[in-house]
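Enquirer: One structure follows; several queries about it will come next.
Numbering (UniProt numbering), first residue to last: 1 to 582.
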């Protein structure tokens, strides 16, 4: 238990919380192999790339007398990608399993992500390190990184580390890219007959690592609760000052899961769902007018000069005309890789050469700050870094422009609408890193502890190339089901930086799914009225401490029991409502 002078009372209290284990993990287990698997798509290509590990069966863990030999295990573990609340509990869960399995078992933590494996840079994890990080947010025990084992040199170095440390297993905690890398490492080990098993663990706050096997990734529950608290605080400020609109941008580059969950939790006046915008081909000017319409209706019907709009981080990647513009920018960057200082004039000239008038007009109408960000801000892979594109400010600028245009069309000089439209006030916010390292919710504490134990059981049974998966998450922890799913079963081929690569397919918001339909059903009411919902801080004790995020509840059980009456039944005849929203 932490007793240093720097320990806060809440840290001390959280260190005493002991997550319950699923019944199946409390004693010895039997690993039963189910049917063989294939992959999501591109079977021939995936099979060719993963001949040793493709087609492995699903492994289900059940309670029973184990035939596993109780010998010491030496296992490495690595944190990969962005932090997510609960990661330390995976490490502690695995450590506890290993020590229970055999007291001489060892757990090595590789530092700084997968690069730590390549460099053989590690610490030995002991009970003190586990105690000092248990139930806490962050990845500070080991640190993390976004490096990949994607070259022959790195693969060779990884093999040398596994052999030198005499590893029985390597556990990689990460998102879709990191777990894809786990599949690559597993295949390489099998190819070179390295006796080290590889197990993945699903992590990402974005919520896009979910599929028929994975109900949710860890960290999503905590992060969305943190964001929802902040949004609720802003909503209470709206009701207090009654003079500002707030545009809130939330993490989620590739999917709108976080924005949708926070909307279900807090009931803002408008949510921009990237997947809907892409599917219905909604252009940027239409989005701007959609926001302006809500602003006008709230003012004209209720004299409400305030409101909240939720924006997913990667929104511009879904807007068709913006997507076309970004593709042109990528083309231009690729046309002369030596040139680094691209300017607006260069892009305009390039668009003229391509005869892309639509992209040229869009780019020229952008505020200078945004157009500069599109040209200068790139991630390590050369793509536009959407987290640094101030989409909220772009929308604020564009909406103000539209409102002033509407004000000019009002003939009455003394009209209150004319005055309001000319003096409309808005604030922008971006909540990103705030949600990645918070104290994990009870759900994430329990879930991550179970994932760590599951990974340990799979290793003890000699399994490799699998992802540790825990299901039935809306049931009491006692009834959770634990298994190992072959990572290759989740792969398909996607084009990344002009090269086709095997990746775990990201899951976007399902426009026919219950969470989206539930939001859609109430969107008009939430838009015009103040049905704001303030969650307050995450609760660790009391009646609400074990609450589960609404998207998981709706996806798995079909109903959020807390709000049955509010949300009503979930039917499939919502196409007309989608048309109305557009």
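Every residue, glycine too, gets a C-beta built ideally from N, C-alpha and C. These numbers were taken from a predicted model, which means no experiment stands behind them.
Helix, strand or coil for residue 13? Go by DSSP, reduced to three states.
Expert: Residue numbering aside, residue 13 sits at position 13 when the chain shown is read from its first letter. The DSSP-derived three-state label of residue 13 is helix.
Enquirer: Which residue spans inside the segment 424-485 form an unbroken beta strand (DSSP E) run of at least 3?
Expert: 426-431 and 466-471
Enquirer: Say whether the segment 61-80 touches the segment 427-438, bearing in mind that this needs 3 or more beta-carbon pairs closer than 8 Å, one atom from each stretch.
Expert: no
Enquirer: Less than 8 Å separating the beta-carbons of residue 207 and residue 220?
Expert: Residue numbering aside, residue 207 sits at position 207 when the chain shown is read from its first letter. Residue numbering aside, residue 220 sits at position 220 when the chain shown is read from its first letter. Against a cut-off of 8 Å, the Cβ pair of residue 220 and residue 207 comes out as a contact.
Enquirer: How would you call residue 10, buried or exposed, if buried means at least 16 neighbouring beta carbons within 10 angstroms?
Expert: In the chain shown, residue 10 corresponds to position 10, counting from 1. With fewer than 16 other Cβ atoms within 10 Å, it is exposed.
Enquirer: Going by alpha carbons, who is nearest to residue 147 out of 175, 359 and 448?
Expert: Against the chain shown, residue 147 aligns to sequence position 147. Per the Cα distances, 175.
Enquirer: Looking only at its chain, what residues have a beta carbon closer than 7 Å to the beta carbon of residue 99, apart from the 5 residues adjacent to it on each side?
Expert: Translated into positions along the chain shown, residue 99 becomes position 99. If we look at residue 99 and ignore the five residues flanking it on each side, its Cβ neighbours are 105.
Enquirer: Nearest-angstrom Cα distance between residue 118 and residue 309?
Expert: To locate residue 118, count along the chain shown from 1; it is residue 118. To locate residue 309, count along the chain shown from 1; it is residue 309. If I take the Cα positions, the gap works out to 44 Å.
Enquirer: Using three-state DSSP, classify residue 561 as helix, strand or coil.
Expert: Position 561 of the chain shown, counting from 1, holds the residue named residue 561. With a pLDDT of 46 at residue 561, under the threshold of 50, the predicted position of this residue should be treated as unreliable, though the coordinate-derived value follows. Residue 561 falls in the helix class under three-state DSSP.
Enquirer: From 236, 275, 276 and 243, pick the residue whose C-alpha is nearest to that of residue 268; which is it?
Expert: Residue numbering aside, residue 268 sits at position 268 when the chain shown is read from its first letter. Residue 236 holds the alpha-carbon nearest to the alpha-carbon of residue 268 among 236, 275, 276 and 243.
Enquirer: Could you tell me the alpha carbon to alpha carbon distance between residue 302 and residue 275, rounded to whole angstroms?
Expert: Residue numbering aside, residue 302 sits at position 302 when the chain shown is read from its first letter. Residue numbering aside, residue 275 sits at position 275 when the chain shown is read from its first letter. Looking at the two C-alpha atoms, the distance is approximately 31 Å.
Enquirer: Tell me the DSSP secondary structure of residue 492 in three-state form.
Expert: Within the chain shown, residue 492 is the residue found at index 492, counting from 1. DSSP places residue 492 in strand when its eight states are reduced to three.
Enquirer: Between the segment 192-202 and the segment 462-478, do at least 3 Cβ pairs fall closer than 8 Å?
Expert: yes
Enquirer: Taking only the alpha-carbon atoms, compute the straight-line gap between residue 353 and residue 90 and give it to the nearest angstrom.
Expert: In the chain shown, residue 353 corresponds to position 353, counting from 1. In the chain shown, residue 90 corresponds to position 90, counting from 1. Those two C-alpha atoms are separated by around 53 Å.
Enquirer: Exposed or buried, residue 527, counting other C-beta atoms within 10 Å across all chains shown (16 or more means buried)?
Expert: As a working mapping, residue 527 is identified with position 527 in the chain shown. It is buried - the Cβ of residue 527 has at least 16 other Cβ atoms within 10 Å.
Enquirer: Flag this pair as touching only if the segment 54-72 and the segment 412-425 have three or more C-beta atom pairs under 8 Å; answer yes or no.
Expert: no
Enquirer: Go through its chain and collect everything with a Cβ distance to residue 519's Cβ below 7 Å, but skip five positions before and after it.
Expert: Numbered from its first residue, the chain shown carries residue 519 at position 519. For residue 519, the CB contacts under 7 Å within the same chain, skipping 5 residues up- and downstream, are 260, 263, 264 and 271 in chain order.
Enquirer: Classify residue 108 as helix, strand or coil using the three-state DSSP reduction.
Expert: As a position in the chain shown, residue 108 is number 108, starting the count at 1. Note: residue 108 maps to strand in three-state DSSP.
Enquirer: Going by C-alpha to C-alpha distance, which of 366, 296 and 392 sits closest to residue 315?
Expert: Along the chain shown, one-based indexing puts residue 315 at 315. Looking at the Cα atoms, 392 is the closest of the given residues.
Enquirer: Look up residue 32 in the DSSP assignment and give the residues it is bridged to.
Expert: In the chain shown, the residue the question calls residue 32 occupies position 32. Paired residue(s): 60.
Enquirer: In terms of residue numbering, what span does the beta strand (DSSP E) encompassing residue 93 cover?
Expert: Position 93 of the chain shown, counted from the first residue, corresponds to residue 93. Here residue 93 belongs to no beta strand (DSSP E); instead the alpha helix (DSSP H) covers 87-101.
Enquirer: Leaving out the 5 sequence neighbours to the left and right, which residues in its chain are closer than 7 Å to residue 474 when beta-carbon positions are compared?
Expert: On the chain shown, position 474 is the one that residue 474 refers to. So the list reads 548, 552, 553, 556 and 557, once near-sequence residues are dropped.
Enquirer: Roughly how many angstroms separate the alpha carbons of residue 375 and residue 361, rounded to a whole number?
Expert: Within the chain shown, the letter at position 375 stands for residue 375. Within the chain shown, the letter at position 361 stands for residue 361. Rounded to the nearest angstrom, the two C-alpha atoms are 16 Å apart.
Enquirer: When the Cα atoms are used, what is the spatial distance from residue 323 to residue 210?
Expert: Numbered from 1 along the chain shown, position 323 holds the residue referred to as residue 323. Numbered from 1 along the chain shown, position 210 holds the residue referred to as residue 210. Using only the alpha carbons, I get a separation of about 25 Å.
Enquirer: Considering only C-alpha positions, which residue in the set 319, 102, 54 and 96 is nearest to residue 451?
Expert: Stepping through the chain shown from its first residue, residue 451 is reached at position 451. Checked all of 319, 102, 54 and 96; the closest Cα to residue 451 is 96.
Enquirer: Do residue 530 and residue 230 count as a contact pair if the criterion is CB distance below 8 Å?
Expert: The count along the chain shown starts at 1 and reaches residue 230 at position 230. The count along the chain shown starts at 1 and reaches residue 530 at position 530. It is not a contact, given that the beta carbons lie outside the stated cut-off.
Enquirer: Run the CB neighbour count on residue 483, radius 10 Å, all protein chains shown included, and call it buried at 16 or more, exposed below.
Expert: Position 483 of the chain shown, counted from the first residue, corresponds to residue 483. Classification of residue 483: buried, given that the 10 Å Cβ count is 16 or more.
Enquirer: Report buried or exposed for residue 249, applying the criterion of at least 16 other Cβ atoms within 10 angstroms of its Cβ.
Expert: The sequence position of residue 249 within the chain shown is 249, counting from 1. With 16 or more Cβ atoms within 10 Å of its Cβ, residue 249 is classed as buried.
Enquirer: Grab the span of the beta strand (DSSP E) containing residue 499 for me, first residue to last.
Expert: Here the question's residue 499 lines up with position 499 in the chain shown. For residue 499, the enclosing beta strand (DSSP E) starts and ends at 499-504.
Enquirer: Does the Cβ-Cβ distance between residue 155 and residue 121 come in under 8 Å?
Expert: Against the chain shown, residue 155 aligns to sequence position 155. Against the chain shown, residue 121 aligns to sequence position 121. Taking 8 Å as the Cβ cut-off, residue 155 and residue 121 do not qualify as a contacting pair.
Enquirer: Rounded to the nearest angstrom, what separates residue 307 and residue 26 at their Cα positions?
Expert: Stepping through the chain shown from its first residue, residue 307 is reached at position 307. Stepping through the chain shown from its first residue, residue 26 is reached at position 26. Taken atom to atom, the span from the alpha-carbon of residue 307 to that of residue 26 is near 49 Å.
Enquirer: Quick one: residues in its chain with C-beta nearer than 6 Å to the C-beta of residue 437, no 5 flanking neighbours on either side, listed in chain order?
Expert: The sequence position of residue 437 within the chain shown is 437, counting from 1. The residues are 83, 137 and 138.
Enquirer: At the level of alpha carbons, what is the spacing between residue 470 and residue 22?
Expert: As a first step, residue 470 is located in the chain shown; it is residue number 470 there, counting from the start. As a first step, residue 22 is located in the chain shown; it is residue number 22 there, counting from the start. So the alpha carbons of these two residues sit roughly 9 Å apart.
Enquirer: Where do the ends of the beta strand (DSSP E) carrying residue 246 lie?
Expert: Residue numbering aside, residue 246 sits at position 246 when the chain shown is read from its first letter. That run of the beta strand (DSSP E) goes 245-250.
Enquirer: Could you please give me the residues that DSSP links to residue 312 through a beta bridge?
Expert: Here the question's residue 312 lines up with position 312 in the chain shown. Its beta-bridge partners are 250.
Enquirer: State the Cα-Cα distance for the pair residue 17 and residue 203, rounded to the nearest angstrom.
Expert: Position 17 of the chain shown, counted from the first residue, corresponds to residue 17. Position 203 of the chain shown, counted from the first residue, corresponds to residue 203. Answer to the nearest angstrom: the Cα atoms are 22 Å apart.
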